[in-house]
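Just so we're aligned, residue -15 is where the sequence shown starts under my numbering, counting upward by one.
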Amino acid sequence: MHHQSLGSNNYALLAGDTAASAQIVTLAAGVFILPFVLFSALAGQIADSVDKARLIRIIKAAEIGIMLVGAAALTIGSVPLMMLVLFAMGAHSTFFGPIKYAILPQHLAPKELLTGTGLVEAGTFIAILTGQVAGGLLAPQVSAWAIVAVAVLGYLSGRHVPAALPPGRARIEWNILASSLRITRDVTRDPQLGRAVLAVSWFWSVGAVFTSLFVPLVKGDLGGAETVATLFLTIFSVGVATGSLVVARLLKGTVSVRYAPASAVLMTLFITDLYFAIRAFDVPHAELIGVGAFLSDPGSWRIVLDLFGLSVAAGAFIVPLYALLQTASDPSARARTIAANNIINSGFMVAAALGSGLLLKAGLDVPQILLAVGLANLLIVVPCLGLLRIQRVYGAA
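This is how it looks when you write it as C-alpha coordinates:
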(Lines of atoms letter the chains of each structure in order from A and count residues from 1; the text may use other names and numbers.)
(Lines give C-alpha, C1' and ligand atoms only; values in the text may rest on other atoms or scores of the structure.)
Protein backbone atom coordinates (compact mmCIF):
# COMPACT_ATOMS: atom_id res chain seq x y z
CA MET A 1 0.00 0.00 0.00
CA HIS A 2 3.01 2.31 0.29
CA HIS A 3 2.86 3.19 -3.44
CA GLN A 4 -0.73 4.49 -3.03
CA SER A 5 0.42 6.81 -0.27
CA LEU A 6 3.37 8.05 -2.30
CA GLY A 7 1.32 8.74 -5.40
CA SER A 8 -1.29 10.65 -3.42
CA ASN A 9 1.41 12.56 -1.55
CA ASN A 10 3.06 13.72 -4.77
CA TYR A 11 -0.28 14.69 -6.26
CA ALA A 12 -1.22 16.77 -3.22
CA LEU A 13 2.18 18.43 -3.11
CA LEU A 14 1.97 19.32 -6.79
CA ALA A 15 -1.37 20.96 -6.20
CA GLY A 16 -0.21 22.83 -3.11
CA ASP A 17 3.14 23.99 -4.45
CA THR A 18 1.86 25.42 -7.73
CA ALA A 19 -1.23 27.10 -6.38
CA ALA A 20 -2.82 24.45 -8.55
CA SER A 21 -4.97 25.70 -11.32
CA ALA A 22 -7.63 23.25 -12.43
CA GLN A 23 -5.72 22.72 -15.67
CA ILE A 24 -2.55 21.57 -13.88
CA VAL A 25 -4.46 19.24 -11.56
CA THR A 26 -6.33 17.74 -14.52
CA LEU A 27 -3.08 17.29 -16.41
CA ALA A 28 -1.48 15.64 -13.37
CA ALA A 29 -4.36 13.17 -13.11
CA GLY A 30 -4.04 12.34 -16.80
CA VAL A 31 -0.28 11.86 -16.53
CA PHE A 32 -0.75 9.45 -13.61
CA ILE A 33 -3.48 7.39 -15.34
CA LEU A 34 -1.79 7.18 -18.77
CA PRO A 35 0.65 4.36 -17.82
CA PHE A 36 -2.28 2.17 -16.78
CA VAL A 37 -3.62 2.36 -20.33
CA LEU A 38 -0.20 1.92 -21.95
CA PHE A 39 1.52 -0.72 -19.82
CA SER A 40 -1.13 -2.76 -17.95
CA ALA A 41 -1.13 -5.61 -20.49
CA LEU A 42 2.65 -5.87 -20.36
CA ALA A 43 2.59 -5.73 -16.56
CA GLY A 44 0.06 -8.57 -16.38
CA GLN A 45 2.04 -10.76 -18.77
CA ILE A 46 5.27 -10.28 -16.82
CA ALA A 47 3.55 -10.95 -13.49
CA ASP A 48 2.17 -14.23 -14.89
CA SER A 49 5.66 -15.27 -16.03
CA VAL A 50 7.98 -14.43 -13.13
CA ASP A 51 8.14 -15.01 -9.37
CA LYS A 52 5.84 -12.28 -8.04
CA ALA A 53 7.89 -11.81 -4.87
CA ARG A 54 10.97 -11.10 -6.98
CA LEU A 55 8.99 -8.58 -9.04
CA ILE A 56 7.84 -6.85 -5.87
CA ARG A 57 11.45 -6.37 -4.76
CA ILE A 58 12.46 -5.01 -8.17
CA ILE A 59 9.49 -2.62 -8.32
CA LYS A 60 10.05 -1.41 -4.76
CA ALA A 61 13.73 -0.79 -5.45
CA ALA A 62 12.75 1.27 -8.49
CA GLU A 63 10.32 3.17 -6.28
CA ILE A 64 13.20 4.44 -4.15
CA GLY A 65 14.90 5.87 -7.24
CA ILE A 66 11.66 7.49 -8.39
CA MET A 67 11.16 9.05 -4.98
CA LEU A 68 14.70 10.42 -4.92
CA VAL A 69 13.92 12.21 -8.18
CA GLY A 70 10.61 13.28 -6.64
CA ALA A 71 12.41 14.71 -3.62
CA ALA A 72 14.68 16.70 -5.94
CA ALA A 73 11.65 17.96 -7.89
CA LEU A 74 9.99 19.16 -4.70
CA THR A 75 13.17 20.77 -3.42
CA ILE A 76 13.79 22.81 -6.58
CA GLY A 77 10.09 23.34 -7.30
CA SER A 78 10.19 21.97 -10.85
CA VAL A 79 6.67 21.25 -12.13
CA PRO A 80 7.87 19.41 -15.29
CA LEU A 81 10.03 17.14 -13.13
CA MET A 82 7.08 16.55 -10.79
CA MET A 83 5.01 15.53 -13.83
CA LEU A 84 7.75 13.10 -14.86
CA VAL A 85 7.72 11.60 -11.36
CA LEU A 86 3.92 11.28 -11.49
CA PHE A 87 4.20 9.40 -14.78
CA ALA A 88 6.87 7.14 -13.27
CA MET A 89 4.72 6.49 -10.20
CA GLY A 90 1.79 5.73 -12.49
CA ALA A 91 3.99 3.19 -14.30
CA HIS A 92 5.13 1.81 -10.94
CA SER A 93 1.52 1.35 -9.82
CA THR A 94 0.66 -0.20 -13.18
CA PHE A 95 3.24 -2.95 -12.70
CA PHE A 96 2.55 -3.42 -9.00
CA GLY A 97 -1.26 -3.48 -9.23
CA PRO A 98 -1.72 -6.91 -10.86
CA ILE A 99 0.76 -8.46 -8.44
CA LYS A 100 -0.86 -7.26 -5.22
CA TYR A 101 -4.11 -9.07 -6.02
CA ALA A 102 -2.81 -12.02 -8.07
CA ILE A 103 -0.36 -13.04 -5.33
CA LEU A 104 -3.04 -13.40 -2.64
CA PRO A 105 -4.46 -16.79 -3.77
CA GLN A 106 -0.91 -18.18 -3.80
CA HIS A 107 -0.34 -17.37 -0.13
CA LEU A 108 -3.82 -17.51 1.40
CA ALA A 109 -6.19 -20.41 1.93
CA PRO A 110 -9.52 -20.11 0.06
CA LYS A 111 -11.33 -19.17 3.30
CA GLU A 112 -8.73 -16.45 3.98
CA LEU A 113 -8.87 -14.83 0.54
CA LEU A 114 -11.86 -12.57 1.15
CA THR A 115 -10.42 -11.21 4.39
CA GLY A 116 -7.04 -10.74 2.72
CA THR A 117 -8.64 -8.83 -0.14
CA GLY A 118 -10.58 -6.72 2.37
CA LEU A 119 -7.37 -5.84 4.18
CA VAL A 120 -5.68 -4.87 0.90
CA GLU A 121 -8.62 -2.67 -0.08
CA ALA A 122 -8.84 -1.08 3.38
CA GLY A 123 -5.09 -0.48 3.42
CA THR A 124 -5.22 1.05 -0.06
CA PHE A 125 -7.79 3.68 0.92
CA ILE A 126 -6.09 4.48 4.21
CA ALA A 127 -2.78 4.88 2.34
CA ILE A 128 -4.40 7.20 -0.21
CA LEU A 129 -5.85 9.25 2.63
CA THR A 130 -2.52 9.39 4.47
CA GLY A 131 -0.65 10.48 1.36
CA GLN A 132 -3.09 13.24 0.48
CA VAL A 133 -3.33 14.59 4.02
CA ALA A 134 0.45 14.48 4.53
CA GLY A 135 1.02 16.15 1.17
CA GLY A 136 -1.29 18.97 2.17
CA LEU A 137 0.04 19.46 5.71
CA LEU A 138 3.80 18.92 5.47
CA ALA A 139 6.22 21.47 4.10
CA PRO A 140 7.62 20.45 0.69
CA GLN A 141 11.14 20.08 2.08
CA VAL A 142 9.89 17.72 4.81
CA SER A 143 7.73 15.75 2.39
CA ALA A 144 10.64 15.41 -0.02
CA TRP A 145 12.50 13.15 2.40
CA ALA A 146 9.40 11.61 3.97
CA ILE A 147 8.42 10.04 0.64
CA VAL A 148 11.93 8.60 0.26
CA ALA A 149 11.71 7.12 3.77
CA VAL A 150 8.33 5.55 2.99
CA ALA A 151 9.73 4.11 -0.25
CA VAL A 152 12.62 2.53 1.67
CA LEU A 153 10.13 1.09 4.17
CA GLY A 154 8.15 -0.39 1.27
CA TYR A 155 11.27 -2.01 -0.16
CA LEU A 156 12.24 -3.50 3.21
CA SER A 157 8.72 -4.88 3.64
CA GLY A 158 8.81 -6.33 0.13
CA ARG A 159 11.94 -8.32 0.95
CA HIS A 160 9.89 -10.44 3.37
CA VAL A 161 7.26 -11.52 0.81
CA PRO A 162 7.51 -15.31 0.27
CA ALA A 163 8.17 -16.63 -3.22
CA ALA A 164 5.15 -16.90 -5.53
CA LEU A 165 6.22 -18.84 -8.61
CA PRO A 166 3.95 -18.78 -11.68
CA PRO A 167 2.15 -22.01 -12.66
CA GLY A 168 3.55 -21.62 -16.19
CA ARG A 169 5.36 -19.09 -18.32
CA ALA A 170 3.21 -16.70 -20.33
CA ARG A 171 4.33 -15.61 -23.77
CA ILE A 172 5.08 -11.89 -23.56
CA GLU A 173 3.61 -9.87 -26.39
CA TRP A 174 5.50 -6.58 -26.68
CA ASN A 175 2.93 -4.89 -28.93
CA ILE A 176 1.10 -3.03 -26.16
CA LEU A 177 -1.94 -2.16 -28.28
CA ALA A 178 -2.49 -5.72 -29.51
CA SER A 179 -1.88 -7.25 -26.08
CA SER A 180 -4.17 -4.72 -24.38
CA LEU A 181 -6.98 -5.48 -26.82
CA ARG A 182 -6.46 -9.22 -26.44
CA ILE A 183 -6.53 -9.40 -22.65
CA THR A 184 -9.51 -7.03 -22.35
CA ARG A 185 -11.38 -9.04 -25.00
CA ASP A 186 -10.65 -12.31 -23.21
CA VAL A 187 -11.90 -10.95 -19.90
CA THR A 188 -15.03 -9.21 -21.18
CA ARG A 189 -16.12 -12.34 -23.07
CA ASP A 190 -16.19 -14.35 -19.86
CA PRO A 191 -19.69 -14.05 -18.26
CA GLN A 192 -18.38 -13.84 -14.69
CA LEU A 193 -15.21 -11.83 -15.23
CA GLY A 194 -16.83 -9.40 -17.65
CA ARG A 195 -19.62 -8.51 -15.23
CA ALA A 196 -17.22 -8.27 -12.30
CA VAL A 197 -14.87 -5.93 -14.20
CA LEU A 198 -17.83 -3.76 -15.23
CA ALA A 199 -18.94 -3.44 -11.61
CA VAL A 200 -15.42 -2.74 -10.33
CA SER A 201 -14.88 -0.10 -13.02
CA TRP A 202 -18.14 1.57 -12.09
CA PHE A 203 -17.04 1.66 -8.44
CA TRP A 204 -13.84 3.49 -9.34
CA SER A 205 -15.78 5.91 -11.55
CA VAL A 206 -18.11 6.81 -8.69
CA GLY A 207 -15.15 7.18 -6.33
CA ALA A 208 -13.28 9.37 -8.80
CA VAL A 209 -16.27 11.67 -9.31
CA PHE A 210 -16.94 12.08 -5.61
CA THR A 211 -13.36 12.64 -4.46
CA SER A 212 -12.64 15.08 -7.31
CA LEU A 213 -15.72 17.14 -6.45
CA PHE A 214 -15.22 17.30 -2.67
CA VAL A 215 -13.35 20.62 -2.77
CA PRO A 216 -15.80 22.50 -5.05
CA LEU A 217 -18.73 20.95 -3.17
CA VAL A 218 -17.42 22.00 0.22
CA LYS A 219 -16.43 25.52 -0.84
CA GLY A 220 -19.29 26.30 -3.19
CA ASP A 221 -22.26 24.60 -1.57
CA LEU A 222 -21.37 24.25 2.12
CA GLY A 223 -19.19 27.32 2.69
CA GLY A 224 -16.40 25.16 4.08
CA ALA A 225 -12.65 25.61 3.98
CA GLU A 226 -10.24 23.03 2.58
CA THR A 227 -10.02 21.37 5.99
CA VAL A 228 -13.68 20.38 5.62
CA ALA A 229 -12.87 18.80 2.25
CA THR A 230 -10.10 16.85 4.00
CA LEU A 231 -12.67 15.74 6.58
CA PHE A 232 -14.88 14.46 3.75
CA LEU A 233 -11.97 12.56 2.22
CA THR A 234 -11.18 11.07 5.63
CA ILE A 235 -14.77 9.95 6.16
CA PHE A 236 -14.90 8.46 2.67
CA SER A 237 -11.62 6.55 3.05
CA VAL A 238 -12.38 5.25 6.55
CA GLY A 239 -15.89 4.27 5.43
CA VAL A 240 -14.63 2.24 2.46
CA ALA A 241 -12.05 0.57 4.70
CA THR A 242 -14.77 -0.24 7.25
CA GLY A 243 -17.11 -1.66 4.62
CA SER A 244 -14.27 -3.75 3.18
CA LEU A 245 -13.67 -5.44 6.52
CA VAL A 246 -17.34 -5.74 7.50
CA VAL A 247 -18.35 -7.58 4.33
CA ALA A 248 -15.42 -9.99 4.74
CA ARG A 249 -16.69 -10.78 8.23
CA LEU A 250 -20.31 -11.18 7.04
CA LEU A 251 -19.36 -13.57 4.25
CA LYS A 252 -17.19 -15.66 6.61
CA GLY A 253 -14.60 -16.40 3.96
CA THR A 254 -17.03 -17.34 1.18
CA VAL A 255 -16.35 -15.49 -2.08
CA SER A 256 -19.88 -14.42 -2.98
CA VAL A 257 -21.49 -11.31 -4.48
CA ARG A 258 -24.74 -11.86 -2.58
CA TYR A 259 -24.41 -8.46 -0.87
CA ALA A 260 -23.35 -6.52 -3.97
CA PRO A 261 -26.85 -5.66 -5.32
CA ALA A 262 -28.05 -4.47 -1.91
CA SER A 263 -24.83 -2.50 -1.41
CA ALA A 264 -25.36 -0.73 -4.74
CA VAL A 265 -28.93 0.17 -3.78
CA LEU A 266 -27.73 1.48 -0.41
CA MET A 267 -25.14 3.62 -2.19
CA THR A 268 -27.92 5.22 -4.26
CA LEU A 269 -30.10 5.81 -1.19
CA PHE A 270 -27.27 7.48 0.72
CA ILE A 271 -26.29 9.61 -2.29
CA THR A 272 -29.90 10.72 -2.76
CA ASP A 273 -30.26 11.71 0.88
CA LEU A 274 -26.86 13.40 0.71
CA TYR A 275 -28.19 15.58 -2.11
CA PHE A 276 -31.17 16.72 -0.04
CA ALA A 277 -29.00 17.18 3.07
CA ILE A 278 -26.67 19.48 1.12
CA ARG A 279 -29.62 21.45 -0.24
CA ALA A 280 -31.00 21.87 3.29
CA PHE A 281 -27.68 23.00 4.76
CA ASP A 282 -27.69 26.64 5.84
CA VAL A 283 -24.63 28.64 4.71
CA PRO A 284 -24.91 31.94 6.59
CA HIS A 285 -21.19 32.63 6.85
CA ALA A 286 -19.48 35.21 4.68
CA GLU A 287 -16.13 33.47 5.20
CA LEU A 288 -15.26 29.83 4.68
CA ILE A 289 -15.68 27.82 7.88
CA GLY A 290 -13.40 25.19 9.37
CA VAL A 291 -14.17 21.70 10.63
CA GLY A 292 -15.27 22.84 14.09
CA ALA A 293 -17.76 25.41 12.82
CA PHE A 294 -19.05 22.99 10.20
CA LEU A 295 -19.68 20.19 12.71
CA SER A 296 -21.33 22.62 15.15
CA ASP A 297 -24.16 23.03 12.64
CA PRO A 298 -26.78 20.30 13.28
CA GLY A 299 -27.32 19.85 9.54
CA SER A 300 -23.71 18.77 9.07
CA TRP A 301 -24.20 15.45 10.84
CA ARG A 302 -26.75 14.28 8.30
CA ILE A 303 -24.18 14.99 5.59
CA VAL A 304 -21.45 13.18 7.53
CA LEU A 305 -23.64 10.12 8.15
CA ASP A 306 -24.75 9.97 4.51
CA LEU A 307 -21.16 10.17 3.31
CA PHE A 308 -20.03 7.51 5.76
CA GLY A 309 -22.95 5.23 4.91
CA LEU A 310 -22.26 5.64 1.20
CA SER A 311 -18.60 4.73 1.62
CA VAL A 312 -19.29 1.73 3.89
CA ALA A 313 -21.72 0.41 1.27
CA ALA A 314 -19.08 1.04 -1.42
CA GLY A 315 -16.50 -0.96 0.52
CA ALA A 316 -18.96 -3.82 0.98
CA PHE A 317 -19.67 -3.65 -2.76
CA ILE A 318 -16.10 -3.77 -4.06
CA VAL A 319 -14.28 -6.39 -1.97
CA PRO A 320 -16.26 -9.49 -3.05
CA LEU A 321 -15.90 -8.38 -6.68
CA TYR A 322 -12.10 -8.21 -6.41
CA ALA A 323 -12.07 -11.58 -4.67
CA LEU A 324 -14.21 -13.00 -7.49
CA LEU A 325 -11.73 -11.71 -10.08
CA GLN A 326 -9.02 -13.68 -8.29
CA THR A 327 -10.94 -16.93 -7.87
CA ALA A 328 -12.80 -17.03 -11.22
CA SER A 329 -9.74 -16.34 -13.36
CA ASP A 330 -7.35 -18.97 -14.70
CA PRO A 331 -4.43 -19.19 -12.20
CA SER A 332 -1.97 -19.03 -15.09
CA ALA A 333 -3.57 -15.76 -16.32
CA ARG A 334 -4.67 -14.22 -13.03
CA ALA A 335 -2.38 -11.17 -13.22
CA ARG A 336 -3.48 -10.53 -16.81
CA THR A 337 -7.09 -10.58 -15.63
CA ILE A 338 -6.29 -7.92 -13.02
CA ALA A 339 -4.36 -5.96 -15.66
CA ALA A 340 -7.35 -6.03 -18.03
CA ASN A 341 -9.49 -4.82 -15.15
CA ASN A 342 -7.06 -1.92 -14.58
CA ILE A 343 -7.21 -0.90 -18.25
CA ILE A 344 -11.01 -0.81 -18.21
CA ASN A 345 -11.02 0.95 -14.82
CA SER A 346 -8.83 3.69 -16.27
CA GLY A 347 -11.15 4.15 -19.23
CA PHE A 348 -14.16 4.44 -16.96
CA MET A 349 -12.42 6.97 -14.72
CA VAL A 350 -11.43 9.14 -17.67
CA ALA A 351 -14.98 8.93 -19.02
CA ALA A 352 -16.34 9.89 -15.59
CA ALA A 353 -14.06 12.93 -15.42
CA LEU A 354 -15.06 14.04 -18.92
CA GLY A 355 -18.73 13.45 -18.14
CA SER A 356 -18.52 15.53 -14.97
CA GLY A 357 -16.88 18.35 -16.91
CA LEU A 358 -19.58 18.26 -19.58
CA LEU A 359 -22.35 18.31 -16.98
CA LEU A 360 -20.75 21.32 -15.27
CA LYS A 361 -20.54 23.12 -18.62
CA ALA A 362 -24.18 22.23 -19.27
CA GLY A 363 -25.14 24.17 -16.15
CA LEU A 364 -25.54 21.47 -13.50
CA ASP A 365 -24.08 22.22 -10.10
CA VAL A 366 -22.03 19.78 -8.04
CA PRO A 367 -24.90 18.36 -5.92
CA GLN A 368 -26.92 17.71 -9.08
CA ILE A 369 -23.99 15.83 -10.64
CA LEU A 370 -23.63 13.70 -7.51
CA LEU A 371 -27.36 12.95 -7.58
CA ALA A 372 -27.14 11.98 -11.26
CA VAL A 373 -24.29 9.60 -10.45
CA GLY A 374 -26.29 8.16 -7.57
CA LEU A 375 -29.34 7.46 -9.72
CA ALA A 376 -27.20 6.01 -12.51
CA ASN A 377 -25.65 3.76 -9.88
CA LEU A 378 -28.84 1.68 -9.86
CA LEU A 379 -27.92 0.39 -13.33
CA ILE A 380 -24.97 -1.54 -11.88
CA VAL A 381 -27.44 -3.70 -9.95
CA VAL A 382 -28.22 -5.52 -13.23
CA PRO A 383 -24.74 -7.05 -13.83
CA CYS A 384 -24.47 -7.78 -10.09
CA LEU A 385 -27.70 -9.78 -10.21
CA GLY A 386 -26.34 -11.57 -13.27
CA LEU A 387 -23.21 -12.48 -11.32
CA LEU A 388 -25.32 -13.72 -8.43
CA ARG A 389 -27.35 -15.96 -10.75
CA ILE A 390 -24.16 -17.44 -12.22
CA GLN A 391 -22.75 -18.10 -8.75
CA ARG A 392 -25.98 -19.79 -7.66
CA VAL A 393 -25.88 -22.07 -10.70
CA TYR A 394 -22.42 -23.21 -9.61
CA GLY A 395 -23.38 -23.29 -5.94
CA ALA A 396 -20.94 -20.54 -4.95
CA ALA A 397 -23.37 -17.93 -3.64
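For glycine and all other residues, C-beta sits at the position ideal for the given N, C-alpha and C.
Runs of the alpha helix (DSSP H) spanning 4 or more residues and lying entirely within the segment 257 to 345 occur at 275 to 280, 282 to 312, 318 to 345, in chain order. Taking 8 Å as the cut-off, the Cβ atoms of I30 and I156 count as close. Per DSSP, the unbroken alpha helix (DSSP H) holding R38 starts and ends at 36 to 60. Counting the other Cβ atoms within 10 Å of the Cβ of V126 gives fewer than 16, which makes it exposed.
Only residues of its own chain outside the window of five on either side were considered, and among them G102, E105, A106, G299, V303 have a CB closer than 6 Å to the CB of S228, listed in chain order.
Counting only residues of its own chain and dropping the five nearest sequence neighbours on each side, G274 has a CB closer than 8 Å to the CB of G208, A209, T211, V212. By the Cβ criterion, the segment 180 to 188 is in contact with the segment 327 to 341, since at least three pairs of Cβ atoms, one from each stretch, lie closer than 8 Å. Measuring C-alpha to C-alpha distances from N361 to each of T226, S189, G341, D205 identifies S189 as the nearest. Nearest C-alpha to Y85 among K36, R376, Y139, I131: K36. The Cβ neighbour count for S141, taken over all protein chains shown within 10 Å, is under 16; the residue is labelled exposed. In the three-state DSSP reduction, G152 falls in the coil class, being neither helix nor strand. Approximately 44 Å separates the beta-carbon atoms of A264 and P82; this is outside 8 Å, ruling out the contact.
Excluding the 5 residues flanking it on each side, L98 has same chain C-beta neighbours closer than 6 Å at A232, L235, G237, V239, A307, in chain order.
Rounded to the nearest whole angstrom, the C-alpha separation of L305 and P245 is 11 Å. In the three-state DSSP reduction, G138 falls in the helix class (H, G or I).
Sequence-distant Cβ neighbours of A148 in its own chain, meaning closer than 8 Å and more than five residues away, are D35, K36, A37, I87, Q90, H91. Closest in alpha carbon position to G191, among L165, G223, S164, G178, is G223. Q176 is positioned such that its CB atom lies no closer than 8 Å to that of I17.
Per DSSP, S185 is one residue of the alpha helix (DSSP H) stretching across 175 to 205. DSSP, reduced to helix, strand and coil, places G81 within a helical segment of the structure shown. In the same chain as I167, and ignoring 5 residues on each side of it, the C-beta atoms closer than 7 Å to its own belong to A25, G28, R320, A323, A324, in chain order. When DSSP states are grouped into helix, strand and coil, G347 belongs to the coil group. For E105, the enclosing alpha helix (DSSP H) has its first and last residue at 94 to 121. Each residue's CA atom was taken as its position, placing G61 and I287 some 38 Å apart. Around the Cβ of A270, a 10 Å sphere holds fewer than 16 other Cβ atoms; the residue is exposed. In the three-state DSSP reduction, G237 falls in the coil class, being neither helix nor strand. In this structure, A180 sits away from D32, with a CB-CB distance that is not shorter than 8 Å. Taking the C-beta atoms as reference points, L197 is found nearer than 8 Å to L354.
In this structure the segment 252 to 263 lies against the segment 282 to 297, because at least three pairs of beta carbons, one per stretch, are closer than 8 Å.
Comparing alpha carbon positions, the residue from A356, Q310, D314 closest to A93 is Q310.
Following the DSSP letters along the chain, one finds G370 inside the alpha helix (DSSP H) bounded by residues 365 to 377. With 16 or more other CB atoms across the displayed protein chains lying within 10 angstroms of its CB, P351 is buried. If you draw a 10 Å sphere on the C-beta of R169, you find fewer than 16 other C-beta atoms in it, and that means exposed.
If the five residues before and after A261 are omitted, its C-beta is found closer than 6 Å to the C-beta atoms of R286, I287, D290, all from its own chain and listed in chain order. For the pair L206 and V132, the CB atoms are not nearer than the 8 Å cut-off. Ranked by Cα distance from L22, the options G54, V134, L161, R41 are led by L161.
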